[in-house]
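Since the structure comes first, as structure tokens, the remarks are kept for the end.
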Amino acid sequence: MRDVIGAATAAQTYFRASMDGCVAYMNTYTIPKLVQNRVRTWYNYTWASQGMLDESELLDKMPLVMRIAIAVDINLATFQKIQLFQGCDQQMLVDMLLRLKSIIYLPGDYVVMKGDIGKEMYIIKSGAVQVVGGPDNSIVFVTLKAGCVFGEISLLQSAKDGGNRRTANVRAYGFANLFVLEKKDLFDILVHYPESQKVLAKKGRQLIKSKAAAGAPAKEEKQKGLALFGQKPPTPKLLKAFGNLRKAGLLDKLKKAEEET
Ligand SMILES: Nc1ncnc2c1ncn2[C@@H]1O[C@@H]2COP(=O)(O)O[C@H]2[C@H]1O
């Protein structure tokens, strides 16, 4: 019993020390009170909701086999239900779970801003976000809840013609606890799963179409540019010319003429 109380007190002390350190830091740099209050709210909410400030601190110390067991136990079922990942290799999903980072956004925080370059996608762990636009972001295109994915459009398209830009603003609706998957991590994983690459590219195309139809402004020309894994490079001009020669039988004629001379 004494051990349990001791551990709880140690955790509380750690939390207080972290928050006090952060407040001292903000005071040193005379950070505006409004921002300071938001940071305090973040600390308090994060601590109250998950009993720690950074889950990865805890998990990173564990052997891989334990991290896999925990990740599978807590999150695999959620990921298996995500439409975007259906049909993907199960092992790929496990690899993905190991790369996730957890982050909490405060009510009204913008998670992604239209026009920014997309470098990560998000899966909602708990809470909700809204895809917004129009004057003062007053139009709510859709509200996304736990288990939904967002921020994937700019990841699944090629950088060509600005396809890697965010297509809409996404704002936390209440406290939003999100998983973040970085583009680099996603692409590193997919290199090992060519079949899942194809599944994801196809799903991505379908989702982009349905989301654009649902209201938010994914541009028509961007849908065509879906190039998760790059497009086939164009055939060099010289090779094309060579191909045409063969087709026309010109090559044979030239050879014959050469032999006759
Ligand atoms: N109509 C929609 N329905 C659901 N989500 C959307 C819709 N339009 C845009 N989004 C999401 O908003 C995100 C903004 O960043 P991305 O363009 O990377 O990816 C976008 C989608 O995930």
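For the sequence shown, our numbering gives the first residue as 399, with consecutive numbering after it.
Quick reminder that beta carbons are idealized off the backbone N, C-alpha and C, glycines included.
Treat the numbers as computed from the prediction; the structure is a model and nothing was measured.
Taking just the CA atoms, how far does residue j sit from residue i?
i: Ala557; j: Arg563; result: 8 Å
i: Lys431; j: Gly602; result: 42 Å
i: Asn567; j: Val529; result: 6 Å
i: Tyr508; j: Tyr571; result: 10 Å
i: Ser594; j: Ala446; result: 38 Å
i: His590; j: Gly561; result: 24 Å
i: Lys609; j: Leu554; result: 14 Å
i: Lys479; j: Cys546; result: 9 Å
i: Leu598; j: Lys459; result: 32 Å
i: Asp401; j: Thr407; result: 10 Å
i: Asp418; j: Met424; result: 10 Å
i: Val467; j: Gly485; result: Checking the sequence, you will find Ala at residue 467 rather than Val. If you take the alpha carbons of Ala467 and Gly485, they lie about 22 Å apart.
i: Leu624; j: Ile515; result: Residue placement at Leu624 cannot be trusted, given a pLDDT of 40 that sits under 50; what the coordinates show is reported in the next sentence. Answer to the nearest angstrom: the Cα atoms are 15 Å apart.
i: Glu518; j: Glu455; result: 21 Å
i: Lys403; j: Thr411; result: The sequence as given places Ile at residue 403; Lys does not occur at that position. In a straight line, the C-alpha of Ile403 is about 12 Å away from that of Thr411.
i: Phe483; j: Thr428; result: 45 Å
i: Gln489; j: Lys581; result: 18 Å
i: Asp487; j: Met464; result: 21 Å
i: Ala422; j: Val433; result: 14 Å
i: Ala415; j: Leu462; result: 30 Å
What does a CB cutoff of less than 7 Å around residue i pick up in its chain, not counting 5 residues either side in sequence?
i: Lys523; result: Ser500, Ala544, Asn575, Leu576 and Phe577
i: Thr444; result: Leu451 and Ile502
i: Asp586; result: none
i: Val527; result: Val509, Leu542, Phe548, Val568, Arg569, Ala570, Tyr571 and Ala574
Which one or two residues does DSSP pair with residue i in a beta bridge?
i: Arg563; result: Ile515
i: Asn575; result: Ile502 and Ser524
i: Ile537; result: Gly531
i: Glu580; result: Glu518
i: Arg569; result: Tyr508 and Gln528
i: Leu542; result: Val527
Excluding the 5 residues preceding and the 5 following residue i in the sequence, name in chain order all residues of the same chain whose CB lies nearer than 8 Å to its CB.
i: Gly449; result: Ala409
i: Arg436; result: Leu504
i: Phe413; result: Tyr441, Trp445 and Leu451
i: Asn535; result: Asn567 and Arg569
i: Ile521; result: Thr476, Phe477, Ile480, Leu498, Gly545, Cys546, Val547, Leu576, Phe577 and Leu579
Short of 6 Å in beta carbon distance, which residues of its chain neighbour residue i, apart from the five on each side in sequence? Order them along the chain.
i: Asp583; result: Arg497
i: Gln481; result: none
i: Asn473; result: Leu495
Hey, residue i and residue j are a contact pair by Cβ (cut 8 Å); roughly how many whole angstroms apart?
i: Gly525; j: Phe477; result: About 18 Å separates the two Cβ atoms, so there is no contact after all.
i: Gly506; j: Arg569; result: 6 Å
* Enumerated in chain order, which unbroken segments of the alpha helix (DSSP H) with a length of 4 residues or greater are wholly contained in the segment 407–484? -> Counting only runs of 4 or more, we get 431–448, 453–457, 462–469 and 475–479.
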